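When you line the sequence shown up against mature numbering (1 follows the signal peptide of the UniProt record, and there is no 0), it's residues -21 to -1, 1 to 369, in that order. For glycine and all other residues, C-beta sits at the position ideal for the given N, C-alpha and C. Here the structure is a predicted model, which means the values were calculated and not measured.
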Amino acid sequence: MKKNMLSSAFILLFVSLTLLGCGNNESTSAEKEKQQKNENYSADTNGPLTINPEIPDIEVLDKGPNGEQAVSAKSLQLTEEELKEIAEGEYTAAIVMHYSGTDYMNAAVGAMEDTFEKMGIEVVAVTDAQFKAEKQVNDIETVLAKQPDIMISVPVDAVSTAPAYKKAVEQGVKLVFMDGAAEGLEAGKDYISIVSGDNYGNGALAADIMAEKIGKKGKVGIVYHDVNFFVTKNRSDAFEATIKEKYPDIEIVAQGGITDPNKGEEVASAMLTRNPDIDGIFAPWDVPAEGVMSAARTAGREDLVVTTVDLGTNVAISIASDGIVQGLGAQLPYDQGVAQAILSGYALLGKEAPAYVASPAIRVTKDNVLDAWKLIYGIDAPATVQDAMK
């Protein structure tokens, strides 16, 4: 699918614009925010394209869906020469998401768009399946009509979406998965790689924080994601295993599943009704954790401790203000988005790629919530989070 070669003059112009970024006195606030993010990354033609070098070197506990040991996202790079070769191809990409609209998803998609722009790759579609497998299948079929060279996607359901992804493979599309692969597809053959956070590590961090906040004894519950979704299962499994292995005086007294991220409140309400003396509840990510917070307030349980995974605005405000959510394990969505774009470049160049790539788990509590936001999103925390610290 390689297109006509760009002229040398255009390549030089592209390189110059990449180096200059968005900086000028007329920048809008959105442009300035984008520039602030991009300053954390090496993405010019005087050096390689990499993810943020300030990410700490923390051991990654996660393994891929087939038992692959995760390779650090910090090991990925595209050289100056490779970036020029990719830019000459006039390639296109599609981003096919499971859902959107959260701080995490906005950062991940924004990172892919930013990085593809630097690589000279046009994004021809960004879709949102609203966590519905049937909609994602339709999204994939619609996107394939645009004949993209690259597709980055998060399968809503690994089984029911697999036939649609196989169509993409048959069409010659280079697939990079985020968080998990479709069933029956093989790394290195059908898709390039999977990029994720250290989900097992994040679930373990959430368990450690829970134990600290409730004094290493008491009763806790787990709200888990009751669908065939690899990464959220890893988080809940890690939370449960860590509690059982490290904290013998903590009892897991209740577990409830959700298929809709907005059902966290309903499940948590039932859990609190049946277990009025419960000390804490784990939720698999920040959106259902917000529902758990609402359920706790309704039940008059402001003392409930909630931990989760992913740093969104509302849970960050709670952490900063000593609220119900006391801490969490965080992914690095912007860096993971950059890594996905880099791996797309590997595919276009025929460069060997690791089967499973992960960024380290980041512990977030009140002590470091503002610094963690800056590391995770590449920008200062929103004013609402900063004000909550006061």
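Nearest-angstrom beta carbon gap, residue j and residue i [assumed within contact, 8 Å]
i: residue 288; j: residue 267; result: Actually they are not in contact, since the Cβ atoms of residue 288 and residue 267 sit about 10 Å apart, beyond 8 Å.
i: residue 275; j: residue 364; result: Not quite, the Cβ-Cβ distance comes to about 20 Å (not below 8 Å), so this is no contact.
i: residue 320; j: residue 156; result: So it is not a contact: roughly 13 Å between Cβ atoms.
Alpha-carbon to alpha-carbon, residue j and residue i
i: residue 291; j: residue 29; result: 25 Å
i: residue 375; j: residue 220; result: It is not possible to answer for residue 375, since the shown part of the chain is limited to -21 through 369.
i: residue 187; j: residue 147; result: 41 Å
i: residue 349; j: residue 163; result: 41 Å
i: residue 52; j: residue 337; result: 6 Å
i: residue 200; j: residue 100; result: 45 Å
i: residue 172; j: residue 179; result: 18 Å
i: residue 361; j: residue 368; result: 11 Å
i: residue 327; j: residue 230; result: 50 Å
i: residue 143; j: residue 59; result: 35 Å
i: residue 132; j: residue 152; result: 12 Å
i: residue 31; j: residue 315; result: 10 Å
i: residue 81; j: residue 260; result: 21 Å
i: residue 270; j: residue 256; result: 19 Å
i: residue -11; j: residue 65; result: In this prediction, residue -11 has a pLDDT of 36, which is less than 50 and means its spatial position is unreliable; what the coordinates show is noted afterwards. Their Cα atoms are separated by approximately 11 Å.
i: residue 61; j: residue 215; result: 40 Å
i: residue 323; j: residue 128; result: 9 Å
i: residue 253; j: residue 247; result: 10 Å
i: residue 27; j: residue 355; result: 21 Å
i: residue 222; j: residue 33; result: 31 Å
i: residue 358; j: residue 84; result: 15 Å
i: residue 302; j: residue 56; result: 40 Å
Among the options, nearest to residue i - alpha-carbon criterion
i: residue 318; options: 40, 92, 38; result: 92
i: residue 353; options: 215, 321, 336, 312; result: 312
i: residue 154; options: 332, 112, 108; result: 332
i: residue 168; options: 137, 330, 315; result: 330
i: residue 225; options: 242, 238, 256, 191; result: 191
i: residue 111; options: 308, 90, 77; result: 77
i: residue 308; options: 184, 345, 106; result: 184
i: residue 37; options: 79, 310, 161, 106; result: 310
i: residue 145; options: 161, 136, 236; result: 161
i: residue 195; options: 113, 258, 74; result: 258
i: residue 233; options: 203, 209, 242, 121; result: 203
Same chain, Cβ closer than 7 Å to residue i, neighbours up to 5 away in sequence not counted
i: residue 35; result: 339
i: residue 48; result: 42
Sequence-distant residues of the same chain with beta carbon closer than 6 Å to residue i, five excluded per side
i: residue 335; result: 43, 47, 49, 173
Could you say if the segment 271 to 285 and the segment 108 to 128 meet the contact criterion of at least three C-beta pairs nearer than 8 Å?
no
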